[in-house]
Each structure stands twice: as C-alpha cells, then as structure tokens.
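Presented below is the structure to which this report refers.
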Amino acid sequence: MASPCINICELDTANICVGCGRSLNEIGEWSVVDGSRKQAICDAAAQRLKMMEAHGKHSAQ
C-alpha cells in the first residue's frame, strides 16, 4: 500500500499532519507495519482530514 503522504508535511498542535491526516506516531510506524494496520491508519487519517476540512485546517484545499 502506498503512503498517503502528499508532501505537505506540517504538524498541527495535536501532532497531526495537515497534509495527509496521519499522526506523528502513524507516520513513524508506516514503514514497519502490515497492510491491515496501514489500512487502519489510512481510514483514521481520512476521518481526521474530513474534520480538518470542516474546520478549514486541511492544507491540501
């Protein structure tokens, strides 16, 4: 599974990337986890991005 990184690597005050929606911990673990964990990370990140978009904080707008 490809990384969801979109090269807008900036963390907000909660250590969530405003580009891809992953947490700092999720970014760090990405290269060592299996496909099911990667899918779970992507699902959680997508939910975070929706919240960021609703609050005007997603950088990829």
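Residue numbers (numbering that gives the first Met the number 0): 0 to 60. Beta carbons are placed, not taken as given, at the ideal position from N, Cα and C, and that holds for glycine. None of the values given here were measured: they were computed from a predicted structure.
Extent of the continuous alpha helix (DSSP H) to which residue i belongs
{"i": "R47", "result": "34-53"}
{"i": "G27", "result": "23-28"}
Reduced DSSP secondary structure (H/G/I, E/B, other) of residue i
{"i": "I96", "result": "This structure cannot settle anything about residue 96, because the visible part of the chain is limited to 0 through 60."}
{"i": "Q60", "result": "Here Q60 scores only 48 on pLDDT, less than 50, and its place in the model should not be relied on; the value that follows carries that caveat. If DSSP states are grouped into helix, strand and coil, Q60 belongs with coil."}
Residue from the options with nearest C-alpha to residue i
{"i": "Q46", "options": "N24, L10, C8, C19", "result": "C19"}
{"i": "A1", "options": "A13, N24, G34, I7", "result": "G34"}
{"i": "M50", "options": "G27, V17, A39", "result": "V17"}
{"i": "P3", "options": "G55, K56, G27, H54", "result": "G27"}
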